[in-house]
Structures are given as C-alpha cells and as structure tokens.
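Q: Okay, so the sequence shown: first residue is 1049 according to the numbering used here, each after it adds one.
Virtual Cβ for every residue (Gly too), placed ideally from N, Cα, C.
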Amino acid sequence: MDPLGKIIQWIAEYGIFGLLALGLAERFIPLLPSYGVLVAIGIAAGNGEWSVLAAIVGTVTGSVSGCLVFYWLAVSLSEARSYRFLYWVGRLVGLSQARVDRTVVSFRANQRTLAFVMQLIPTIRLISPIIAGLFHAEAKVFSLATLSGIVLWNCLFIGVGYIAEGFVPDANASTLAVQVLVVLIFVELGAALIWRWRHGKHH
C-alpha cells in the first residue's frame, strides 16, 4: 500500500500545475508532510512523470507563494498590534516585555539567517512566515532567505526520491518517506545537541 504514491499519480495528471498546487497546499494543509510528498515527487521524476527541474521549479514556486501569503497577512498588522500580540504570547510563556523587546531586536539583526534556517526545520518551517511577519522582517531579506531555504529543502528530498528510484525501481514512496523521517529526526536531534554544546561553551 502506497498512499503517497497514489496522490502523486493523481497530481501527475495535471503536470506542472499539479506540482504548483501541491507546493502551495503543503503550506495550508499541515497534514501533508512536505518531506514525504517531495520524496514521492522525486520517485515520480525517476519514473519519467516530469523532469527533476520541473519538479523543483513547480514545488518551490508553490511553496514560496504560500509563504508570502502568510507573511503579508502577518505583516499587514500594525507594529503596535504586532507588539501587543507578542507581549500577550510572551506573558503566556513567562517572558517579560523587556525580554520580548530583546528578542525582536535579535530577530531583526539575524533575520536573514533565521528565515533561512527555519525553512529547514519541520513544522517550524510552516509558521516561519507568520513569525517573520509579526516581527516585521524586511520583505526582500525574508523572501530571498526563504527562497534559498525552500530550494535547499526541496532539492534534498526530491533528490532522495529520484536517486532511490534509480537504485530501487518501483520504490514505495510511503515507506521511503517514513525512513527519511527517521533519518531527519536523528539529524535534527544531533544538530540541536551540537548547538547546545557550542552555546554552552560560549556561556
């Protein structure tokens, strides 16, 4: 049984427009695991459903479009409203207004790096445009950094699926997606431990 494979077969009937829609849907429907969908798209590319370039361009365009929608919705709030919302969230998690203010300053000083890195973290990548909008990140900086992060993310998992299809013809997209998730969890856990270790050394 391969539910992801079935979805991709249906999407393939619509060509590049199907890829655009899937990239956009990934932003609005969290139930669709992007890494799994991208792996399945890579497998389909290996089967000749579309070229790797078309797969990357289509999904990146859809995903970036979804990001920009959420960013502009969040940034459309006035700065005063954004701060009130951030202060309210801060109180919920025990942060003082001064701490929230320092966080905003830190975010704006490192917005390019943060916007890029957040696109490489599952779940966080879905809410990163809202975070950037609330912090009133610069549109150009946010857009370029987000585009770079999405390109890297999509290329990685589409590439995994494409290569897997070359080594294992008729690969099961759903099974491979689960295997990729396990590897991804270990990689992210390792990265978090390394960051905490390095951060601890500096403090």
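Can you give me the Cβ contacts of Leu-1070 inside the same chain, cut-off strictly under 6 Å, excluding the 5 residues immediately before and after it?
A: Within the sequence shown, numbered from 1, the residue matching residue 1070 stands at position 22. The answer, listed in chain order, is Ile-1059.
Q: What residue range is occupied by the uninterrupted alpha helix (DSSP H) comprising Phe-1076?
A: The residue labelled residue 1076 in the question sits at position 28 within the sequence shown. Segment 1063-1076, the alpha helix (DSSP H) holding Phe-1076.
Q: Is there contact here, the stretch 1120-1127 with the stretch 1176-1187, by at least three beta-carbon pairs under 8 Å?
A: These segments touch.
Q: Answer with yes or no whether the minimum CB distance from Phe-1205 to chain D is below 7 Å.
A: The question asks about chain D, but that chain is absent: this structure has only one protein chain.
Q: Measuring only the C-alpha atoms, how far is Ala-1193 from Val-1117?
A: In the sequence shown, counting from the first residue as 1, residue 1193 sits at position 145. In the sequence shown, counting from the first residue as 1, residue 1117 sits at position 69. Whole-angstrom Cα-Cα distance: 16 Å.
Q: Is Glu-1127 helix, strand or coil by DSSP?
A: Counted from its first residue, the sequence shown places residue 1127 at position 79. Note: Glu-1127 maps to helix in three-state DSSP.
Q: Okay, do the stretch 1201-1212 and the stretch 1084-1103 touch, 3+ Cβ pairs below 8 Å being the bar?
A: Contact holds: three or more Cβ-Cβ distances are below 8 Å.
Q: Drop a sphere of 10 angstroms on the beta-carbon of Leu-1200, count the other beta-carbons inside from all chains shown, and report buried for 16 or more, exposed for fewer.
A: Here the question's residue 1200 lines up with position 152 in the sequence shown. By the neighbour-count rule (16 or more Cβ atoms within 10 Å), Leu-1200 is not buried but exposed.
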